[in-house]
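Colleague:
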Amino acid sequence: MSQLTIMVNGIKVCGNRHEPLLTQLENAGIKPEYQCRNGMCGACRCKLISGAVTQQDALAFIGPNEILSCCSIPQQDININFDYQLNINHQSAKTKIAL
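According to full-length UniProt numbering, the stretch in the sequence shown is residues 1 to 99, in order.
(1) From C71 to T23, what distance separates their C-alpha atoms?
(2) Closest by CA to A28, which one among K47, M7, C46?
(3) For a minimum of 3 consecutive residues, which ranges assigned as the beta strand (DSSP E) are wholly contained in the UniProt domain "2Fe-2S ferredoxin-type" (2–86)?
(4) My guess is that H76 and G51 are in contact by the Cβ rule of under 8 Å, so how many angstroms apart are they, rounded?
(5) If you draw a straight line from the C-alpha of C14 to the C-alpha of I80, how long is it?
(6) Is P20 closer than 8 Å to I67 when the C-beta atoms are compared?
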């Protein structure tokens, strides 16, 4: 499995090119908001600062440079930003604060 870096609101986590971004963030102890997990509601919307993702078809509205974390799979190192304070489990060994 090829590894990549996901920067989310200043937090660096290890990721992959196989799972949806929302799942990877949750596995790393980061808990973005979501409701449907299938691109209908838009609650998991975030801003793609840099990098590239493959995004499945979704019905929720997204603006320029926005992605839905439930429907997006990173294709390279990415930097994303949520417009709110994320709930973070600091006990997770996969998460480390970027210096």
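Every residue, glycine too, gets a C-beta built ideally from N, C-alpha and C.
Modeller: Looking at the atomic coordinates:
(1) Here residue 71 is taken as the residue at index 71 of the sequence shown, counted from 1. Here residue 23 is taken as the residue at index 23 of the sequence shown, counted from 1. Whole-angstrom Cα-Cα distance: 10 Å.
(2) To locate residue 28, count along the sequence shown from 1; it is residue 28. Checking every option, the nearest Cα to that of A28 belongs to M7.
(3) Unbroken beta strand (DSSP E) runs of no fewer than 3 residues, entirely contained in the UniProt domain "2Fe-2S ferredoxin-type" (2–86), are found at 3–8, 11–16, 45–50, 53–55, 66–68, 72–74, 78–81, following chain order.
(4) Counting from one through the sequence shown, the residue named residue 76 turns up at place 76. Counting from one through the sequence shown, the residue named residue 51 turns up at place 51. The sequence as given places Gln at residue 76; His does not occur at that position. Contact flag correct, Cβ pair sits at about 5 Å.
(5) By one-based count along the sequence shown, residue 14 stands at place 14. By one-based count along the sequence shown, residue 80 stands at place 80. Our two residues, C14 and I80, have alpha carbons roughly 13 Å apart in a direct line.
(6) In the sequence shown, residue 67 corresponds to position 67, counting from 1. In the sequence shown, residue 20 corresponds to position 20, counting from 1. No.
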